[in-house]
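Shown next, in structure tokens, is the structure this report addresses.
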Amino acid sequence: MDSKVYDEEQIGEIQEINDQKPKLTIWKLILLESLMISPVIWVIFFLWILKMPLSCQLAFQLITLLTIPLISIKMQKQHISKLIKTDFYVSEMIYGLIFLIGSFLTTVILGYFMFKYYDILDYEAIKTLQGSKLTLILALILLAISNPFLEEFFWRVYLPEQYLRHEEINYNEQLKWYLALHYACYHFFVIYFFTKLIIVSLIGFIIITIGGRIFFITRDKLGLLTTALFHMGVDLGIVALAIYKIPLNGE
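Numbering (the numbering used here), first residue to last: 3 to 253.
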């Protein structure tokens with residue numbers, strides 16, 4: 003069965019009720035922008051200033067990715083199952099595992115050769131991180147396990163739905179690239195903290211923006227579960243490289 007997010011029938015339904023949708027006010031736009039920029043605030047406050055990676059992950063996931071969307075969905079009297087628009091087909095799991103393995107191996111191999119010829123990490127900045135070895139490991143576990151599912155729901159399901167509730171907005175390339183740019187924004191600050199290289203951070207920003215757009219493609223064509231597992235493969239690769247390169251001594 004087809005697990006696409008917005009198939010032709012659903013697009014037709016959306017178009018039919020467009021006249022009932024409210025306009026996107028400046029205040030709603032500011033609220034949505036603030037929500038999408040909030041990860042940058044968590045990174046700057048918890049990672050740059052307090053040097054607490056676990057707290058950064060917890061604030062980002064619990065507040066931005068989970069609590070605020072759930073409260074919003076409750077207030078709008080929506081159902082998560084209808085937003086996700088998937089029955090978690092076996093095909094989604096199979097495709098997801100294929101993408102997970104592929105993205106994991108690609109991330110690890112590219113990272114290995116990058117570090118082999120040019121180590122971009124700022125180890126002095128890494129040494130300033132606060133917390134024990136356990137807290138650093140927990141931050142990496144959160145990155146690898148819960149982050150892919152929460153981020154894919156937030157960026158590829160919840161936020162598009164919030165924009166599509168307004169009559170001026172359509173599910174098109176402009177919206178997808180717009181959200182992908184915001185998705186990549188906080189990654190720029192994370193990369194810069196660990197490298198202190200503006201060029202590397204900009205390249206990472208561009209790559210992650212394109213990655214965010216690719217996640218929309220797999221989300222639309224293959225479903226949320228496939229995309230989350232695809233995302234997990236990348237994050238697991240990053241965690242593997244972190245364990246390989248970063249001294250987790252908590253000092």
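Where a beta carbon is used, it is the ideal one built from N, C-alpha and C, also for glycine.
Residue i burial status per 10 Å Cβ neighbour count (16 or more: buried)
i	result
Ile-73	exposed
His-81	exposed
Lys-129	exposed
Tyr-97	buried
Leu-204	exposed
Tyr-160	buried
Leu-56	buried
Euclidean distance between Cα positions of residue i and residue j
i	j	result
Gln-176	Lys-135	43 Å
Lys-118	Leu-144	27 Å
Lys-79	Ile-219	28 Å
Val-42	Thr-211	15 Å
Ile-147	Ile-209	22 Å
Gly-239	Thr-109	5 Å
Asp-121	Lys-247	9 Å
Leu-140	Pro-150	15 Å
Met-95	Leu-34	31 Å
Tyr-173	Tyr-125	43 Å
is_contact[residue i, chain C] using C-beta, thresh 8 Å
i	result
Tyr-125	Going by chain labels, chain C is absent from the structure shown, which holds only one protein chain.
Within 8 Å, strictly: CB atoms of residue i and residue j
i	j	result
Ala-127	Phe-196	yes
Lys-23	Glu-169	yes
Phe-217	Phe-190	no
Leu-131	Lys-53	yes
- Determine contact between the region 32-48 and the region 177-188, defined as no fewer than three beta-carbon pairs at a distance below 8 Å. Yes, since at least three Cβ pairs between the region 32-48 and the region 177-188 fall closer than 8 Å, the two stretches touch.
- With contact counted as at least three CB pairs below 8 Å, one residue from each stretch, are the region 153-160 and the region 222-236 in contact? The region 153-160 vs the region 222-236: in contact.
- Query: Counting Cβ pairs closer than 8 Å, one from the region 23-34 and one from the region 113-127, do we hit at least three?
  - Reply: The region 23-34 vs the region 113-127: no contact.
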